[in-house]
Ligand SMILES: [Zn+2]
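Encoded structure:
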């Protein structure tokens with residue numbers, strides 16, 4: 002490769018690592034700053050590290066990144082989202098799991114679920130969701146219908 006590339010790599014390496022959290026298994030990982038995706042050494046799943054900006058209609062079955070997602074005013078995401086930080090200026094429909102903050106701006110619209118460390122809704126933002134805000138994040142799926150199999154049934 003070119004000298005410039007090699008210098009950039011040499012400079013980049015000492016400060017180049019960053020910490021991310023695996024969106025699949027929740028382990029903390031150290032990854033190269035410029036990496037776009039890696040294979041998680043703990044769960045072996047592909048882990049996306051990129052930041053996303055969405056400014057159009059985007060419907061998928063799984064929208065996961067250890068980076069941040071910004072849904073712009075014209076953006077409309079219909080998907081389950083796993084992300085570090087989510088900023089909603091447009092529309093989001095789906096279940097959101099954020100390791101950091103979910104933020105709705107004054108033009109933001111979110112319908113679905115949110116599990117996040119913190120939540121910020123500006124005046125004017127629309128939020129219609131089941132919320133779980135705080136540190137206790139579900140490790141995998143939030144739905145656990147088998148939880149009723151405990152020794153003490155609820156007294157009615
Ligand atoms: Zn993992």
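In our numbering, the protein residues as written are 2 to 157.
By construction, the Cβ of each residue, glycine as well, lies at the ideal position given by its N, Cα and C atoms.
Since the model is a prediction, treat every value here as computed from it, not as a measurement.
Taking 7 Å as the limit between beta carbons, can you name the residues of its chain near residue 107, skipping five residues before and five after?
Counting only Cβ-Cβ distances below 7 Å, and skipping sequence neighbours, we find 123, 124, 125, 126.
Apart from the five residues just before and just after residue 60, which ones in its own chain have a Cβ nearer than 7 Å to its Cβ?
Hits under 7 Å: 79, 80.
Quick one: residues in its chain with C-beta nearer than 8 Å to the C-beta of residue 51, no 5 flanking neighbours on either side, listed in chain order?
Correct list, in chain order: 37, 38, 66, 68.
Could you tell me the alpha carbon to alpha carbon distance between residue 34 and residue 21, rounded to whole angstroms?
Their Cα atoms are separated by approximately 10 Å.
Label residue 135 either buried or exposed according to how many other C-beta atoms from any shown protein chain fall within 10 Å of its C-beta, with 16 as the threshold for buried.
Flag for residue 135 reads exposed.
Could you please go through the chain and list the residues whose beta-carbon is closer than 5 Å to any non-hydrogen atom of ligand 1?
Those satisfying the condition are, in chain order, 23, 25, 26, 41, 43, 44.
To the nearest angstrom, how far is it from the Cα of residue 3 to the Cα of residue 131?
Whole-angstrom Cα-Cα distance: 52 Å.
Compute the distance between the beta-carbons of residue 104 and residue 89, then report whether it is under 9 Å.
For residue 104 and residue 89, yes; Cβs fall inside 9 Å.
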